[in-house]
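In terms of my numbering, the sequence shown opens at residue 1 and continues consecutively. Ideal Cβ positions, reconstructed from N, Cα and C, are used throughout, including at glycine. Since this is a predicted model, take the numbers as computed values, not measurements.
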Amino acid sequence: MLKTDCLKGPGFHERLLRLVYPEKCIFCEAILPETAKISTCGSCYACLPRYGRGFERAPRIPWINGLFASFIYEDSVEQAIQAMKFFGRPRAAWTFAFLMWEELNKHPLMPDFDLIVPVPMHRRKRMSRGYNQSERVGQALGRFLNIPVVDALAKTRHTKPQSLSSREERLKNLENSIRVPDPSVVGGLNILLVDDVVTTGATLSTCAQALHEAGASWIFAAVIAIAGK
Ligand SMILES: [Zn+2]
1 MLKTDCLKGP GFHERLLRLV YPEKCIFCEA ILPETAKIST CGSCYACLPR
51 YGRGFERAPR IPWINGLFAS FIYEDSVEQA IQAMKFFGRP RAAWTFAFLM
101 WEELNKHPLM PDFDLIVPVP MHRRKRMSRG YNQSERVGQA LGRFLNIPVV
151 DALAKTRHTK PQSLSSREER LKNLENSIRV PDPSVVGGLN ILLVDDVVTT
201 GATLSTCAQA LHEAGASWIF AAVIAIAGK
């Protein structure tokens, strides 16, 4: 259930700030009214490449009991996710979480989750970027879904960028790179892993394996977008 204070819209100070620094659509940069609740204009919102399915079995992603994707990773969604990752747009994380929450609510057979766990980032990368986008999306989604969010996973080894690797190379690269520092926070719980994009699923699978080994019960994953469809 949505916490009632989540979507009240911007407060007085935020609206004043927006008169000076106008809020823009995360997809097309159109200037939005200062009362806008999410950072999306009407025409982008109408044309989003929604994936349109509920939680699906993902046989190619071991350890994951079900996968939910809100959008197809293409065009404006791809650009906005890239901007959120590399140009630090915290409002984009909030907006994406809202849009994910909307898509999740279209599929009433959503499992019951005890905990949201964001996909971790190595601390060195987090320090250079200043934030972990999956953590920001996960925290906002936790507020919308009213589910606690815990950074239960730690990336213990810096792995090379994965965008050009094959699935096998990705898995090899990620081996033993993610762990659960305190298994007592996930033991027996149903977990919703949150990440920005799924491509081969190697990262989600590695995270889910670590959570299983730490005693978690069911592990589902929700991503903003799915690539390669
Ligand atoms: Zn727009």
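Contact test: residue i Cβ vs ligand 1 heavy atom, cutoff 7 Å
i, result
"Ala30", "yes"
"Ser43", "yes"
"Phe27", "yes"
"Thr40", "yes"
Local conformation of residue i per DSSP, three classes
i, result
"Ser240", "In the structure as shown, the chain starts at 1 and stops at 229, and residue 240 therefore has no counterpart that could be examined."
"Ala210", "helix"
"Met1", "Its pLDDT being 42, under 50, Met1 is placed unreliably in this model, and the coordinates cannot settle the point."
"Ala227", "coil"
"Lys106", "coil"
"Lys125", "helix"
"Val186", "coil"
"Leu192", "strand"
"Val137", "helix"
"Phe220", "strand"
"Glu14", "helix"
Spatially closest choice to residue i from the options, by CA coordinates
i, options, result
"His122", "Ala92, Asn65, Thr159, Phe96", "Thr159"
"Arg57", "Ala69, Cys47, Arg50, Ala46", "Ala69"
"Glu175", "Leu48, Thr203, Asp151, Ser184", "Thr203"
"Leu48", "His212, Glu102, Asn146", "Glu102"
"Val150", "Pro183, Arg170, Leu171, Thr156", "Pro183"
"Gly11", "Cys25, Glu34, Cys28", "Glu34"
"Gly66", "Glu78, Leu104, Ile31, Ala83", "Leu104"
"Arg124", "Asn146, Gly138, Gly142, Ala154", "Ala154"
"Asp152", "Glu135, Asn146, Gly52", "A small correction: the amino acid at residue 152 is Ala; Asp does not occupy that position in the sequence shown. With distances taken between Cα atoms, Ala152 lies closest to Glu135."
"Pro148", "Pro22, Thr156, Asp112, Val180", "Asp112"
"Arg53", "Cys28, Ile64, Asn173, Pro108", "Pro108"
"Thr200", "Lys106, Ile178, Pro59, Ile26", "Pro59"
"Gln139", "Cys25, Ala222, Leu19", "Ala222"
"Leu145", "Phe98, Gly42, Leu32", "Phe98"
"Tyr51", "Ile81, Asn173, Lys106, Glu14", "Lys106"
"Val180", "Arg89, Thr156, Glu168, Cys28", "Thr156"
"Gln20", "Ile26, Phe27, Ile31", "Note that residue 20 is Val in the sequence shown, not Gln. Out of Ile26, Phe27, Ile31, Ile31 has the C-alpha closest to the C-alpha of Val20."
Could you tell me whether the region 114-121 touches the region 182-198, where touching means 3 or more Cβ pairs closer than 8 Å?
Short answer: they touch.
At a cut of 8 Å, does the region 130-144 reach the region 203-211 through at least three beta carbon pairs?
When Cβ pairs closer than 8 Å are counted between the two stretches, the region 130-144 is seen not to touch the region 203-211, the count staying below three.
Does the region 92-112 come close enough to the region 33-43 that 3 or more CB-CB pairs lie under 8 Å?
At 8 Å Cβ cutoff, the stretches touch.
Is it the case that the region 182-189 contacts the region 210-221, given that we only count it when at least three CB pairs across the two stretches are under 8 Å?
Between the region 210-221 and the region 182-189, the count of C-beta pairs closer than 8 Å reaches three or more; the two stretches touch.
Along the chain, which unbroken stretches of the alpha helix (DSSP H) at least 4 residues long are found entirely within the region 142-183?
Correct list: 167-174.
Taking contact to mean at least 3 C-beta pairs separated by less than 8 Å, is the region 68-86 in contact with the region 221-228?
The answer is yes - the region 221-228 touches the region 68-86, with three or more Cβ pairs under 8 Å.
Length at least 3, wholly inside the region 17-80: the beta strand (DSSP E) runs in chain order:
DSSP runs (the beta strand (DSSP E)) wholly in the region 17-80: 66-72.
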